[in-house]
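Sequential numbering of the sequence shown, starting at 38, is according to the numbering used here.
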Amino acid sequence: MNPLLDIRCERPWLVLRLAAPHRMVSWSLNRPGLVEASTIAWRQVATDELTAELDPAAWFASELATAGLEGAVGLITARDVASHVHRAAEVEGARADCVVTAGLNNGERVGSRHPAAPVMAGTVNIFCRSALPLTEAALLEAASLVAQARTVAIMEAGYRRPGGRHAVTGTGTDCIVMAAPMSGAPQAYAGMHTAIGEAIGACVHEATRIAVASWIAARG
38 MNPLLDIRCE
48 RPWLVLRLAA
58 PHRMVSWSLN
68 RPGLVEASTI
78 AWRQVATDEL
88 TAELDPAAWF
98 ASELATAGLE
108 GAVGLITARD
118 VASHVHRAAE
128 VEGARADCVV
138 TAGLNNGERV
148 GSRHPAAPVM
158 AGTVNIFCRS
168 ALPLTEAALL
178 EAASLVAQAR
188 TVAIMEAGYR
198 RPGGRHAVTG
208 TGTDCIVMAA
218 PMSGAPQAYA
228 GMHTAIGEAI
238 GACVHEATRI
248 AVASWIAARG
């Protein structure tokens, strides 16, 4: 375990706390874009909580506030948060950690959409932390590697939605949060030719592979 990453799971919340504020990039519902934060919070939801008339952003903001998590970068999942997977990888002294929850109920293949609305919510949420500080450009590059590793792991699982002709590559509500420390000289690059890029790809691929396999197995 990483002493700089405290993971607490108490349904319906999975909360990750970092030892210091980090620069993060995501398309989180409540704090999208480039932000500074030290907490990431998953909220597990039941199907009956996600009604058609619900304003998800307002509802989520209220839930975060009630839990005292207003400053967190928030994620929503229908997956049991206790199923989260934490993995780390280190390459040439460059370490990356990630936490993944995965469900593929509303899985899609990129470039096409399933004609039927999903029966239940399902998504892949990933938080990844580089132990090395990164420039904004490198942080974005790192996020692209998270997406690549996630997609490879999902495609390798070969899951097809009922009635689907092809294996899904993700879901319509996936979210990635990529984080890096703010102190120290930042790395200018975080691509596949770098040690930190290799570490990011390795831990995300492994965690996503395990999380997706667990979800598929739970479906019987």
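Backbone N, C-alpha and C define an ideal beta-carbon position, used for all residues, glycine too. No experiment lies behind these values; they were computed from the predicted model shown.
In the structure shown, the three-state DSSP call for valine 122 is strand. Here the region 104-124 does not lie against the region 167-187, with fewer than 3 beta-carbon pairs under 8 Å apart.
Beta bridge pairing from DSSP links serine 63 with Gly70, Val214. DSSP places alanine 139 within a strand segment (E or B) once states are collapsed to three. Spanning the alpha carbons of arginine 202 and methionine 192 requires a straight line of approximately 13 Å.
The criterion of a C-beta distance shorter than 8 Å is satisfied by leucine 55 and leucine 41. Beta bridge pairing from DSSP links serine 167 with Ala133. In the assembly as shown, tryptophan 79 is a buried residue. Its beta-carbon has 16 or more other beta-carbons within 10 Å. About 13 Å separates the CB atoms of serine 181 and isoleucine 233; that is not less than 8 Å, and the two are not in contact. Counting along the chain, no alpha helix (DSSP H) covers glutamate 107, and no H or E run does either. Leucine 53 is classed as buried because its beta carbon has at least 16 other beta carbons within 10 Å across all chains shown. DSSP places aspartate 117 outside both helix and strand once states are collapsed to three, so it counts as coil.
Arginine 197 is not a Cβ neighbour of alanine 190, given a cutoff of 8 Å.
In this structure, the straight-line span from the alpha carbon of alanine 98 to that of glutamate 86 is close to 14 Å. Per DSSP, the beta bridge partners of glutamate 47 are Trp50.
In this structure, isoleucine 77 sits away from valine 128, with a CB-CB distance that is not shorter than 8 Å.
Around the beta carbon of arginine 256, a 10 Å sphere encloses fewer than 16 other beta carbons of the protein chains shown; the residue is thus reported as exposed. As a beta-bridge residue in DSSP terms, threonine 208 pairs with Gly144. Straight through space, the alpha carbons of isoleucine 113 and glycine 140 are spaced by roughly 12 Å. Rounded to the nearest whole angstrom, the CA to CA distance from asparagine 67 to alanine 94 is 7 Å.
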